[in-house]
Amino acid sequence: MSSNGTFTENEEAPTYAPSIPVPNVQELVREDPSQVPQRYVRDMEDRPKDTDMSHLSSLIPLIDFSLLLLGNKEELNKLDLACQDWGFFQVVNHGVAKEVLQKMKDVAAEFFELPLEEKNKNAMPSDDIQGYGHIYVISEEQILDWSDALMLAVHPSHYRKLKFWPKSPTGLQEIIEEYSNAIRKFGTELLESFSLIMGMEKEALLGLHKQLIQAYRVNYYPPCSKPDQVLGVSPHSDSSTITILMQDDDVCGLQIKHDDDWVPVNTIPDALVVKVGDVIEMWSNGKYKSIEHRAVVNDERARISYASFLYPHDEVEIEPLIDPKTEQLIYKKVKYGDYLRNSMKTKMEGKAHTHVAKVETLA
Numbered sequence: 001m002s003s004n005g006t007f008t009e010n011e012e013a014p015t016y017a018p019s020i021p022v023p024n025v026q027e028l029v030r031e032d033p034s035q036v037p038q039r040y041v042r043d044m045e046d047r048p049k050d051t052d053m054s055h056l057s058s059l060i061p062l063i064d065f066s067l068l069l070l071g072n073k074e075e076l077n078k079l080d081l082a083c084q085d086w087g088f089f090q091v092v093n094h095g096v097a098k099e100v101l102q103k104m105k106d107v108a109a110e111f112f113e114l115p116l117e118e119k120n121k122n123a124m125p126s127d128d129i130q131g132y133g134h135i136y137v138i139s140e141e142q143i144l145d146w147s148d149a150l151m152l153a154v155h156p157s158h159y160r161k162l163k164f165w166p167k168s169p170t171g172l173q174e175i176i177e178e179y180s181n182a183i184r185k186f187g188t189e190l191l192e193s194f195s196l197i198m199g200m201e202k203e204a205l206l207g208l209h210k211q212l213i214q215a216y217r218v219n220y221y222p223p224c225s226k227p228d229q230v231l232g233v234s235p236h237s238d239s240s241t242i243t244i245l246m247q248d249d250d251v252c253g254l255q256i257k258h259d260d261d262w263v264p265v266n267t268i269p270d271a272l273v274v275k276v277g278d279v280i281e282m283w284s285n286g287k288y289k290s291i292e293h294r295a296v297v298n299d300e301r302a303r304i305s306y307a308s309f310l311y312p313h314d315e316v317e318i319e320p321l322i323d324p325k326t327e328q329l330i331y332k333k334v335k336y337g338d339y340l341r342n343s344m345k346t347k348m349e350g351k352a353h354t355h356v357a358k359v360e361t362l363a
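Structural data, given as structure tokens:
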């Protein structure tokens, strides 16, 4: 760490958490589209229900980022309410070029169509989460998600472990770089608006990160012959500050938990989805909610999603940015690196992982 409180390139790239290797779901489907191994079948109470909550989808907040950049008070108020009531919103006019979004979609689709042996050249190691494979697998008895993923640290650049960055298809590395840079610019500007609605100077939240860390995860959800028995991703909230997600334009699958209902998130062409993460919930002492979400699958088409996680440096201590004399503390001070690794060493199970950061009388 330098004298001005920032972290330098001499710092070693961190490892995060181990994950037990499990079968490749895409390959299972290729070999026999009708099979759904028992390890993927959910208990009855955890399966996606037939109840249709699509009428609530239109209520999901939509933020015009061009207005936020101008400091528009009405749009800032919409952001404030979205973070309180939903912990989630979609963003238009975000400044990420349409052709950059499309290039990322095209090259990711090419990667997942490669033969398994080619993708396994970048297989995730047993002691970390960068590479191609599965994370959050902590036991042989665990019910598995119906998905495969490519997970990479992208910023700062010395956090990258390039042996896990695929060399095929041609141009993938450059497009991930271009896409991630554009997303980071948007995310940094969005954090300025978060600072304002939290009553601080524009640069305050970014400064609290000490160094903004960015990870990137591409999720591949193959079709499933029994989609009502599996989940693409288990219900969870993100341990990030914010998560910025790009969805396929024409295949829905993301659902968010709102008032105990699972609400499908309809895709809006070229929009980006933003999820409030646990860090914002802790900094705001629970005023803003990290959103519990999951992914469902279908029996006809594969779906790909593109998640960018922005979060603080490991050494940052997270605590509510409030006066404890005027407001009861819900969260205690935690070292972010410890919190993050704790969440990664447990299976994804709603918001159970947040309890380690709660004041004991409220845990």
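For the sequence shown, the UniProt record's numbering begins at 1 and goes up steadily by one. Virtual Cβ for every residue (Gly too), placed ideally from N, Cα, C.
{"Check": "V25: first and last residue of the uninterrupted alpha helix (DSSP H) it sits in", "Outcome": "V25 to E31"}
{"Check": "Terminal residues of the beta strand (DSSP E) in which F309 lies", "Outcome": "R303 to Y311"}
{"Check": "Secondary structure, alpha helix (DSSP H): runs of 4+ residues fully inside the stretch 181-241", "Outcome": "204-208"}
{"Check": "Outcome for G5 when other beta-carbon atoms lying within 10 angstroms are tallied against a minimum of 16", "Outcome": "The predicted position of G5 is uncertain, since its pLDDT is 47 and thus under 50; a value taken from the coordinates is nonetheless stated next. So G5 ends up on the exposed side."}
{"Check": "Residue from D249, S234 and K119 whose Cα sits closest to the Cα of Y40", "Outcome": "S234"}
{"Check": "L321 vs M151 beta-carbon contact at 8 Å", "Outcome": "no"}
{"Check": "Length of the line joining the Cα atoms of L79 and V334", "Outcome": "26 Å"}
{"Check": "I330 - containing alpha helix (DSSP H), residue span", "Outcome": "Premise fails: I330 is in no alpha helix (DSSP H) and is neither H nor E."}
{"Check": "Beta-carbon proximity list for residue 364, same chain, < 6 Å, skipping 5 on both sides", "Outcome": "What the structure shows of the chain is the stretch from 1 to 363, and residue 364 is not part of that stretch, so it cannot be assessed."}
{"Check": "Strand pairing of H293, partner residues [DSSP]", "Outcome": "H236 and I256"}
{"Check": "Nearest-angstrom Cα separation, counted from T354 out to K287", "Outcome": "15 Å"}
{"Check": "Distance, E319 Cα to T326 Cα", "Outcome": "15 Å"}
{"Check": "Under 8 Å between C-beta atoms of N285 and Y331", "Outcome": "yes"}
{"Check": "Given A123 as reference, the closest of V100, P166 and L254 once Cα atoms are compared", "Outcome": "P166"}
{"Check": "Helix, strand or coil at A17 [DSSP, three-state]", "Outcome": "coil"}
{"Check": "Given F194 as reference, the closest of R184, L206, S66 and K185 once Cα atoms are compared", "Outcome": "L206"}
{"Check": "Three-way DSSP call (helix, strand, coil) for V41 in this model", "Outcome": "coil"}
{"Check": "Per DSSP, the bridge partner or partners of M246", "Outcome": "Y306"}
{"Check": "For Y179 and residue 383, the rounded distance between their alpha carbons", "Outcome": "The requested residue 383 does not occur in the structure, where the chain is confined to residues 1 to 363."}
{"Check": "For E140 and K103, the rounded distance between their alpha carbons", "Outcome": "37 Å"}
{"Check": "contact_flag[the stretch 80-96, the stretch 271-280] where n(CB pairs < 8 Å) is 3 or more", "Outcome": "yes"}
{"Check": "Simplified DSSP state of E117, which is helix, strand or coil", "Outcome": "helix"}
{"Check": "contact_flag[the stretch 244-252, the stretch 293-311] where n(CB pairs < 8 Å) is 3 or more", "Outcome": "yes"}
{"Check": "Among V297, K351, D338 and N266, the one whose alpha carbon lies nearest that of S58", "Outcome": "N266"}
{"Check": "Contact set for E118: own chain, Cβ-Cβ below 7 Å, skip 5 residues either direction", "Outcome": "S168"}
{"Check": "Residues that W262 bridges to, as DSSP identifies them", "Outcome": "K257"}
{"Check": "Separation of A204 from F186, as counted between CA atoms", "Outcome": "16 Å"}
{"Check": "C-alpha gap between D32 and E317, whole angstroms", "Outcome": "48 Å"}
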